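Take 1251 as the starting number for the sequence shown in this note's numbering and just add one per residue.
Here a beta-carbon is modelled for each residue, glycine too, at the ideal position from N, C-alpha and C.
Quick caveat, the model's predicted, so the values are computed rather than measured.
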Amino acid sequence: MRSHKAIAMMVAPLLGILSLAACTPSGPDDAEVASLDQDWSAAEPITIDVFSVPANYQGTQGGWFGKIVKDKFNMELNIIAPNVAGGGDTLYNTRVAGGELGDLVIVGKGKQIDELVEGGLVLDAAPYYESMENVPAYDPAVQKINEGKEGIYGFPSSVSTLKPTEPAANIDPTFGPFLRWDYYAELGYPEINTLEDLLPVLKDMQDAHPKADNGKPTYAMSLFKDWDGNMMVMAKQPTTLYGYDEMGFVLAKADGSDYQSIVDSDSEYVRTLKFYNEANQLGLVDPESTTQNYDTMFAKYQAGQVLSSWWPWLGQSAYNTEQNMADGKGFQLVPMQDQEIFTYGAEAYGGGLVYGIGSKAEDPARIAAFIDWLYSPEGVQVTSSDTMGAAGPKGLTWEDGPDGPVLTDFGRQAILEGDGDVPAEWGGGKYKDGGSALNVSAVSPAQEDPNTGLPYNYKSWPSYQETVANPLTDDWSEHMGGARTTVEYLEKNDQMLVAPGSGYTAPTDASEIEAARNQAKASIVEYSWKMAFAKDDAEFDSLLAEMQETVNGLGYEKVLEVDMANAKAQNEARVAVAEDLG
């Protein structure tokens, strides 16, 4: 399975470089725009460049998803992925300076899409919007995204018609302390009161199982650097267990009750760096963490070499195969007594990414039709599946049963086992390699599929819940008060803090702030890794003091002031949407 950024980090936007490519924002050249209601499979074949910020694969989309797109639109997708091309903003900046980002762009809402509109790199799709069939169901989000713009330049991702005060995820939250439950059970289900109490538990687990089935060493935790931005992303994740999420250099609590500077000595961020440092001193951190990428780390999870995960879509998707769960093995959330996990509310105005049509696209109508299809039941099912959302192509991985949708035998093998050779008529190859490389869903998997009356997420289907019972989930449920899902457990125990889905995006940094941010964040990330791997407490404290002094000399305080204002504005937006739509 490909790696996934999902929701764990926000897009880092960019720059005055757009002035190099600036021109008047454009729309379709022809006064009469071709109707989207036509047989695109009979159109001339085309290949379009898709610049996708969250993509973790670069090249031509192949496999079963590629065949679906080819069959429906006679179109191939050439994925351009900054994550693969060295990370950061370099590829974005280079292409923007050249005046062409892509034919289809998937970029950050707010700053990035605003910059592209201003620079004339995306076109006004308003004439196409009028003939779309699926996107208008989410018109409030479309209008919100394009507020203040004279046209329709962006379309929402992860959008939902659920109340913004309801969790966007109905099975697992985005974050949580997920451990190898079978090893935790072996220890007698020890009590875990705080984050720090995880360490002795993890040490006992690692000591009891020093090697995985492949003969390689196991580690309580394994880290990676690929997604580092304003901070070390893996150090940010444990702060979510206490209700915090990031806004630049600020950690903001979901209920608006607290805002922290990440470099403050008593911040939750520094606490988690200390946590990693203590873990490393205990020999619990994979020594390859400083050099490996996400894919290398993911493979270790698949092999059973890592014992904890802050994301369900990491540990569970890699290791909780049907066979492992039948054997009682796998990752499940553990009951940490003081947790109040940050949980995203349903996004009435869409998530942090938007789709746009490049201003130089040769066939913008076909791209508009493709975007509209992404919001259809079929489009949602096949583009969400590769991020633990929906069930994939109907007829291949699932079908209508007498009492609702059910996974096919192949679907169980492909989705639950992470394996399976796709029949040639569906595109061939391995199922896990053939999923959508866009790595974003237009509609939330928690949204109801109008064709089935059930959420797109197959884990919500009664057929799945009835047949998925296994020794792992049965034991977990028995020790978690009878809960059948993580969200159910957390709701029953009042251990979730839902941040209402407001669609808020921070305004673009002024050039002075942007320059200071880029310098400060590079320093924060560098020192954070050094602190996590410091040889002792004294070195940790020394590095912390050095980091604080260094970043303050780089203008950190000015950037913090901006981020603090944005964090509070975000909370105001959450309060407002809860009052309006909650």
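- Query: What runs of the alpha helix (DSSP H), each 4 residues or longer, lie entirely inside the region 1566 to 1654?
  - Reply: Entirely contained in the region 1566 to 1654, the alpha helix (DSSP H) runs reaching 4 residues are, in chain order, 1572 to 1576, 1614 to 1624, 1627 to 1634.
- How about Ser1472 and Ser1539: do their beta carbons lie closer than 8 Å? Yes.
- Query: Sorted by chain position, which residues of the same chain lie with C-beta nearer than 8 Å to Asp1279's C-beta, five sequence neighbours on each side aside?
  - Reply: Its pLDDT being 47, under 50, Asp1279 is placed unreliably in this model, and the coordinates cannot settle the point.
- Message: Between Trp1560 and Phe1425, how many whole angstroms is the CB-CB distance? I'm expecting something under 8 Å.
- Response: With 8 Å as the limit, Trp1560 and Phe1425 qualify as a contact, their Cβ atoms being about 6 Å apart.
- Message: Rounding to the nearest angstrom, what Cα-Cα distance links Met1382 and Arg1521 in this structure?
- Response: So the two alpha carbons sit approximately 49 Å from each other.
- Task: Select from Gln1582, Thr1633, Glu1716 the residue whose C-alpha is nearest the C-alpha of Asp1422.
- Result: Residue Gln1582 is the option with its Cα nearest to Asp1422.
- Task: For Asn1707, collect the residues of the same chain with a Cβ closer than 7 Å to its Cβ; drop the 5 residues on either side in sequence, then sort them by chain order.
- Result: So the qualifying residues of the chain are Asn1420, Ile1421, Gly1639, Ala1640, Pro1695, Ala1696.
- Since Glu1326 is in the beta strand (DSSP E), which residue starts that stretch and which ends it? 1325 to 1330 is the span of the beta strand (DSSP E), which, as asked, contains Glu1326.
- Please classify Ile1421: does DSSP put it in a helix, a strand, or coil? Coil.
- Closest residue to Gln1288 among Ala1615, Glu1436, Pro1414, Val1672 (Cα-Cα distance): It is Ala1615 whose Cα lies nearest to the Cα of Gln1288.
- Quick one: using the 10 Å Cβ neighbour count with 16 as the cut-off for buried, is Gly1629 buried or exposed? So Gly1629 ends up on the buried side.
- Query: With 16 other CB atoms within 10 Å as the buried threshold, where does Lys1466 fall?
  - Reply: By the neighbour-count criterion, in which a residue is buried when 16 or more other Cβ atoms sit within 10 angstroms of its Cβ, Lys1466 is exposed.
- Message: Using only CA atoms, which one of Gln1552, Tyr1494, Ser1609 lies nearest to Leu1351?
- Response: Relative to the Cα of Leu1351, the nearest Cα in the group Gln1552, Tyr1494, Ser1609 belongs to Ser1609.
- Message: If you follow the beta strand (DSSP E) that Asp1495 is in, where does it begin and where does it stop?
- Response: It spans 1494 to 1497 - the beta strand (DSSP E) in which Asp1495 sits, taken as one unbroken run.
- Please list, in chain order, all residues of the same chain as Gln1587 whose beta carbon is under 8 Å from its beta carbon, the five residues on each side excluded. If we look at Gln1587 and ignore the five residues flanking it on each side, its Cβ neighbours are Glu1441, Ile1442, Asn1443, Thr1444.
- Query: If you compare alpha carbons, which of Ala1611, Asp1457, Ser1752 is closest to Ala1418?
  - Reply: If we check each option's Cα against that of Ala1418, Ser1752 comes out closest.
- In terms of alpha-carbon separation, which member of Asn1821, Thr1755, Gly1313 lies closest to Lys1682? Ranking Asn1821, Thr1755, Gly1313 by Cα distance to Lys1682 puts Gly1313 first.
- Query: Going along the chain, which residues of its own chain have a beta-carbon closer than 7 Å to the beta-carbon of Gly1595, five neighbours each way excluded?
  - Reply: Here the set comprises Pro1414, Thr1415, Glu1416, Pro1417, Ala1418, Val1748, Ala1749, Pro1750, Gly1751.
- Message: Tell me which residue opens and which closes the alpha helix (DSSP H) that Gln1715 is part of.
- Response: For Gln1715, the enclosing alpha helix (DSSP H) starts and ends at 1712 to 1717.
- Message: By the three-class DSSP mapping on this structure, what secondary structure does Ile1665 have?
- Response: Reduced to three states, the DSSP call for Ile1665 is helix.
- Query: In the structure shown, what three-state DSSP assignment does Lys1359 receive?
  - Reply: The answer is coil: DSSP assigns Lys1359 none of H, G, I, E or B.
- Would the beta-carbon of Asp1622 fall within 8 Å of that of Val1385? Contact flag set, yes.
- Message: Applying the 10 Å Cβ sphere with the 16-neighbour rule, what's the burial state of Leu1437?
- Response: By the 10 Å Cβ count, Leu1437 comes out exposed.
- Item | Straight-line Cα distance separating Pro1295 from Glu1675 | Rounded to the nearest angstrom, the gap between the Cα atoms of Glu1675 and Pro1295 is 19 Å.
- Message: What does the alpha-carbon distance come out to for the pair Gln1820 and Asp1476?
- Response: If you take the alpha carbons of Gln1820 and Asp1476, they lie about 27 Å apart.
- In the DSSP assignment, find the unbroken alpha helix (DSSP H) run with Lys1503 in it and report its ends. DSSP places Lys1503 outside any alpha helix (DSSP H); the residue lies instead in the beta strand (DSSP E), whose first and last residues are 1500 to 1503.
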